[in-house]
Ligand code: PHB
């Protein structure tokens, strides 16, 4: 008896080993996102969007079963890198995806390079990320993309003197530099450049300096989720009544939290890649489905990075006929174009970075709720930081 079952077990084991095709039927995607800690809202948006896409498009692509493995890195780079290694070694994932913050993407880049596995950056926005590995593709944005457009708008709208205030880490530095370069080129003056620590952000002491400097506008970058602290302190310090305009990349008026800002946010001008209020048919459908599946939560710009990131993975697999070779997948992704809920987008075949429309928006009350209402659009914007290096 014992011997028989032992032999049967052996036979089954060798059968499994002899049929690698069966083991390859599943393609695994490792989605590493912050689901705890200060950047939980980003993780929630990314997870909700990826799940929605898979619900809408099924879980079989090119004859393979798609399996999503979701891991929480709590927004800490040492976790992201460790989890990525575990997903590759233990779970044999064919894609790494997610990356809610720049340091998390930077820490994982060499791991993707070693494994020759596509790494889809769905949120982080520092220009240099895509240069850290030939296996990185980005579906989010770069800070420079919107900073340059906001600088042009400011220069054309009687704003002559600006103070910049950014969260003190790489995407903040990109937002500050791209804005200042473009604004001064257009004849504007940056009177002061303020950098606020990323840990426990407190803008209040810096806002007094802004009041004293009396600029026409305050240009602010904070990562998604932090804008509500800024807005509260902006009002508490009386800046909303000072005549100093608040402008910046759209991270500060994140759709996810904007409606809680109160009427003081009305009139804030930002440039960004996505608004829940984007008036396309595709977006209206997306917003309705997303809200329905997520307890009425509004999709924000992180969500479209996730939705488009998983789309890119699905389409690349279709193009390779289910082949999961990293180089084949990268080749399939380069130059891909499609209509996102945010508008038309593509993957730059040279840089693997996203090319997209940037919109100028103004916070307005629509049917009793605050939205970023688009009033101008700038199609096919590439990352200006990389463009300047050429
Ligand atoms: C980033 O860390 O790259 C990052 C995070 C949140 C944002 C923008 C950039 O809203």
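Residue numbers (the numbering used here): 6 to 395.
Yeah, the Cβ is synthetic: ideal placement off N, Cα and C, and Gly gets one too.
| Query | Result |
| --- | --- |
| Can you list, in chain order, the stretches of the alpha helix (DSSP H) that have 4 or more residues and sit fully within the stretch 105-139? | 107-120 |
| Helix, strand or coil for residue 31? Go by DSSP, reduced to three states. | strand |
| Can residue 331 and residue 123 be called in contact, C-beta distance under 8 Å? | yes |
| Does at least one heavy atom of the ligand PHB sit under 7 Å from the Cβ of residue 124? | no |
| Tell me residue 194's beta-bridge partners as DSSP assigns them. | 166 |
| For residue 370, does the three-state DSSP call read helix, strand or coil? | strand |
| Between which two residues does the alpha helix (DSSP H) carrying residue 316 extend? | 306-324 |
| According to DSSP, which residues form a beta bridge with residue 172? | 201 |
| On the CB-based measure, 16 or more other CB atoms within 10 Å of its CB, does residue 286 come out buried or exposed? | exposed |
| Spell out a yes or no on whether the stretch 305-315 and the stretch 373-385 are touching, meaning 3 or more CB-CB pairs, one atom from each, closer than 8 Å. | no |
| Between the C-alpha atoms of residue 238 and residue 180, what's the straight-line distance to the nearest angstrom? | 21 Å |
| Ends of the beta strand (DSSP E) at residue 395? | Careful: residue 395 lies outside any beta strand (DSSP E) and carries neither H nor E. |
| Please determine, among 275, 33, 146 and 128, the residue with the shortest C-alpha to C-alpha distance to residue 95. | 33 |
| What's the call for residue 389, buried or exposed, on a 16-neighbour Cβ count within 10 Å? | buried |
| So what does DSSP say about residue 224, is it helix, strand or coil? | strand |
| Is the distance from the Cβ of residue 138 to the Cβ of residue 114 below 8 Å? | yes |
| Are at least three pairs of beta-carbons, each pair with one atom in the stretch 125-143 and one in the stretch 322-342, less than 8 Å apart? | yes |
| Around the Cβ of residue 214, are there at least 16 other Cβ atoms within 10 angstroms (buried) or fewer (exposed)? | exposed |
| Take residue 394 and list the residues in its own chain whose beta-carbon comes closer than 6 Å to its own, dropping the five residues that flank it on each side. | none |
| Measuring from the CB of residue 130, is there a heavy atom of the ligand PHB at a distance below 7 Å? | yes |
| Run the proximity test for residue 52: is its beta-carbon closer than 7 Å to any non-hydrogen atom belonging to the ligand MG? | As for the ligand MG, it is missing from this structure, which binds only the ligand PHB. |
| Use the C-beta contact count for residue 289: other C-beta atoms within 10 angstroms, 16 or more gives buried, fewer gives exposed. | exposed |
| How big is the Cα-Cα spacing for residue 241 and residue 269? | 11 Å |
| With DSSP run on the structure shown, which of helix, strand or coil describes residue 264? | coil |
| For the stretch 35-44 against the stretch 78-94, are there 3 or more C-beta pairs whose distance is under 8 Å? | yes |
| Taking the alpha helix (DSSP H) that residue 56 belongs to, which residues open and close that run? | 45-62 |
| Hey, residue 234 and residue 252: beta-carbon distance below 8 Å or not? | no |
| Which residue's Cα is closest to the Cα of residue 164: 133, 46, 187 and 220? | 220 |
| By DSSP, does residue 178 sit in helix, in strand, or in coil? | helix |
| Return yes when the C-beta of residue 176 is under 7 Å from any heavy atom of the ligand PHB, and no when it is not. | yes |
| Sort out for me which residues DSSP pairs residue 364 with in a bridge. | 277 and 382 |
| Less than 8 Å between the beta carbons of residue 126 and residue 167, yes or no? | no |
| How should residue 65 be labelled, buried or exposed, when 16 other C-beta atoms within 10 angstroms of its C-beta is the threshold for buried? | exposed |
| Tell me which same chain residues have a C-beta within less than 6 Å of the C-beta of residue 348, skipping the five on either side of it? | 362 |
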